[in-house]
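See below for the structure under consideration.
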Ligand SMILES: [Zn+2]
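In UniProt numbering, the protein residues as written are 1 to 438.
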């Protein structure tokens, strides 16, 4: 920040030229772009600031009470915990001790007797809520929270969903896709149960999801997609194998997903803008920056990621905020906790470059728009509020790694017939690469 207010990109003379040319015939894209345009102007005049207090009230209420609209997410309840807790930590709002303890007890009831976490008490274990539950518990970061996780059983569960080709199914008898590899690698690395044997052939399977577009698809041979691309790339970062991707092709694909008019990201080629891709797509840029740096790329900026950070902040702050709190997909859509979490996570990426050694901020507009409030230079360590691999606060990642690395990797519960080699495999070799960010 140099103290000079940044001129808004969306009010430049060139901006209207970025609109989709619909030749006078309405299309979904042109109708939506006009809604975005209205939002850019109206919201700029009304409130171009981060509505911190409104978001906080919305999130706080969600921890204790959900409307009927959330009934369809009955099988995603640990996700609701994660989305709300992570949004609160991004806003630097402390979680009351009693609430944290209640969340721990609730997630304990979601833990399956066969290991892993289910979408709700009494349901079957599934990798997605397992990821969400472990992340939520690491955000809470207390002994009580860490002790909820039964690591031996979690390892059993991961083995039960591992496939011979290196992929993972989301749950026993369920579908394979690259989300599962990320969820498995994320929880295994955070809780120190990651062994090379558990992820044997996983790297090759993930690499086979990168297609001719440059991004990754859910399974080999399908269309590249932002969520799957993030999952595959972040999983490879955890496994220390991201250099095996075609990094330049991936870079070309992801930067082309930022919409020239809207400023936000689309999830796939020719799709509409959506606030949640502010994290799934923009979150790839820190991972790519670091991967290309490790490959010796000399032209990398030391001040900014390789996307329009200001344009993304414009989209999030002007088009994705509900005036009553909460964030959303796009103008006209309802707010929800999922989009609140991923819009704020994307805002964090867009505002902060680098890590503790090399940190540079780019805050759009007023100082109050900064997600992390300065509390005096002595307490500010120049750390971005979210870790681009796990999407929880970097300090919480370090704290969890420190805690679980004091505990031995459980060897006993390997699949039937596990060999002595497997029991002796060195987990540290495979898990050491994730405790830092670009
Ligand atoms: Zn979305």
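Where is the CB? At the ideal position from N, CA and C, for every residue including glycine.
Strand pairing of residue 405, partner residues [DSSP]: Its beta-bridge partners do not exist; DSSP assigns none.
Ligand 1 and residue 276: does the residue's C-beta get closer than 8 Å to at least one heavy atom of that ligand? With a cut-off of 8 Å, the C-beta of residue 276 is classified as near ligand 1, since at least one heavy atom of the ligand falls inside that distance.
Outcome for residue 341 when other beta-carbon atoms lying within 10 angstroms are tallied against a minimum of 16: Residue 341 should be labelled buried.
When the Cα atoms are used, what is the spatial distance from residue 430 to residue 267? Confidence at residue 430 is low in this model, with a pLDDT of 37, below 50, so the placement of that residue should be treated as unreliable; the coordinate-derived value is given next. A straight line joining the alpha-carbon of residue 430 with that of residue 267 spans about 30 Å.
Could you check what DSSP says for residue 335 in three-state terms: helix, strand or coil? Here residue 335 sits in strand by DSSP.
Pull up the CB-CB distance for residue 40 and residue 319, whole angstroms please, since I reckon it's below 8 Å. With a contact defined as Cβ atoms closer than 8 Å, residue 40 and residue 319 qualify at about 7 Å.
Any heavy atom of ligand 1 closer than 8 Å to the Cβ of residue 339? The answer is yes for residue 339.
Count the other CB atoms, across all protein chains shown, that sit within 10 Å of the CB of residue 24; report buried if there are 16 or more and exposed otherwise. Under this definition residue 24 is an exposed residue.
Simplified DSSP assignment, three categories, for residue 376: Residue placement at residue 376 is flagged as unreliable, the pLDDT there being 39, under the threshold of 50; the coordinate-derived value follows with that caveat. The three-state secondary structure of residue 376, taken from DSSP, is coil.
Residue burial classification, residue 72 (beta-carbon count within 10 angstroms, cutoff 16): Around the beta carbon of residue 72, fewer than 16 other beta carbons sit within 10 angstroms, so the residue counts as exposed.
Taking C-beta to C-beta, are residue 178 and residue 171 nearer than 9 Å? By the CB criterion at 9 Å, residue 178 and residue 171 fall outside the cutoff.
Leaving out five residues before and five after residue 253 in sequence, what residues of the same chain have Cβ atoms less than 8 Å from its Cβ? For residue 253, where only same-chain residues beyond five positions count, the Cβ hits under 8 Å are 213, 214, 215, 224 and 229.
State yes or no: is the C-beta of residue 228 nearer than 8 Å to some heavy atom of ligand 1? Because no heavy atom of ligand 1 lies under 8 Å away, the Cβ of residue 228 does not count as near it: no.
Residues near residue 191 in its chain [Cβ-Cβ closer than 8 Å; skip 5 each side]: The answer, listed in chain order, is 134, 149, 151, 154, 400 and 404.
Could you give the first and the last residue of the continuous beta strand (DSSP E) run that contains residue 353? 352-354 is the span of the beta strand (DSSP E), which, as asked, contains residue 353.
Contact belief for residue 203 with residue 244 at Cβ below 8 Å, rounded distance in angstroms: Rounded, the Cβ-Cβ distance is 7 Å, consistent with contact.
What is the DSSP secondary structure of residue 168, reduced to helix, strand or coil? The answer is strand: DSSP assigns residue 168 an E or B state.
Starting from the Cα of residue 347, find the closest Cα among 183, 372 and 241 and give me that residue. Nearest neighbour of residue 347 by Cα position, chosen from 183, 372 and 241, turns out to be 372.
Out of curiosity, what's the CA-to-CA distance linking residue 321 and residue 50? Computed Cα separation, rounded: 8 Å.
Is residue 342 near ligand 1 - that is, is its Cβ less than 8 Å away from at least one heavy atom of it? Yes, the Cβ of residue 342 comes within 8 Å of a heavy atom of ligand 1.
Among all the DSSP beta bridges, which residues are the ones paired with residue 176? Residue pairing of residue 176 in beta bridges, as defined by DSSP: 169.
Go ahead and label residue 294 buried or exposed: buried means 16 or more other beta carbons lie within 10 angstroms of its beta carbon, across all protein chains shown. Exposed, because fewer than 16 other Cβ atoms sit within 10 Å of the Cβ of residue 294.
Closest by CA to residue 8, which one among 391, 408 and 315? Of all alpha-carbon atoms in 391, 408 and 315, the one lying nearest the alpha-carbon of residue 8 is that of 315.
Which residue's Cα is closest to the Cα of residue 349: 94, 278 and 366? Closest option to residue 349, Cα to Cα, is 278.
Rounded Cβ spacing between residue 344 and residue 335 (contact assumed at less than 8 Å): Their Cβ separation, rounded to whole angstroms, is 12 Å, which puts residue 344 and residue 335 out of contact at 8 Å.
Taking buried to mean at least 16 other C-beta atoms within 10 Å of its own C-beta, is residue 379 buried or exposed? Below a pLDDT of 50, predicted positions are generally treated as unreliable, and residue 379, at 33, falls in that range; no measurement from the model is reported.
When you compare the CB of residue 317 with every CB in chain D, is at least one pair closer than 9 Å? Annotation note: the requested chain D is absent from the structure, which comprises a single protein chain.
Proximity to residue 332 [Cα-Cα], best of 274, 407 and 289: Ranking 274, 407 and 289 by CA distance to the CA of residue 332 puts 274 first.
By the three-class DSSP mapping on this structure, what secondary structure does residue 327 have? Strand.
Is the beta carbon of residue 260 less than 9 Å from the beta carbon of residue 18? In this structure, residue 18 lies closer than 9 Å to residue 260 by Cβ.
Exposure of residue 221, with buried meaning 16 or more beta-carbon neighbours within 10 Å: It counts as exposed.
CA-to-CA distance, residue 365 to residue 95, given in whole angstroms: Residue 95 and residue 365: Cα-Cα distance of roughly 28 Å.
Residue 329 CB to nearest heavy atom of ligand 1 below 8 Å: Yes; taking the cut-off as 8 Å, the Cβ of residue 329 has a heavy atom of ligand 1 nearer than that.
Taking 7 Å as the limit between beta carbons, can you name the residues of its chain near residue 125, skipping five residues before and five after? Non-local beta-carbon contacts of residue 125 in its own chain, meaning distances under 7 Å to residues more than five positions away in sequence, involve 112, 114, 115, 116, 117, 118, 157 and 171 in chain order.
C-alpha gap between residue 13 and residue 265, whole angstroms: Spanning the two alpha carbons is a distance of roughly 22 Å.
Taking its Cβ as the centre, do 16 or more other Cβ atoms sit within 10 Å of residue 11, making it buried, or is it exposed? Per the 10 Å Cβ criterion, exposed.
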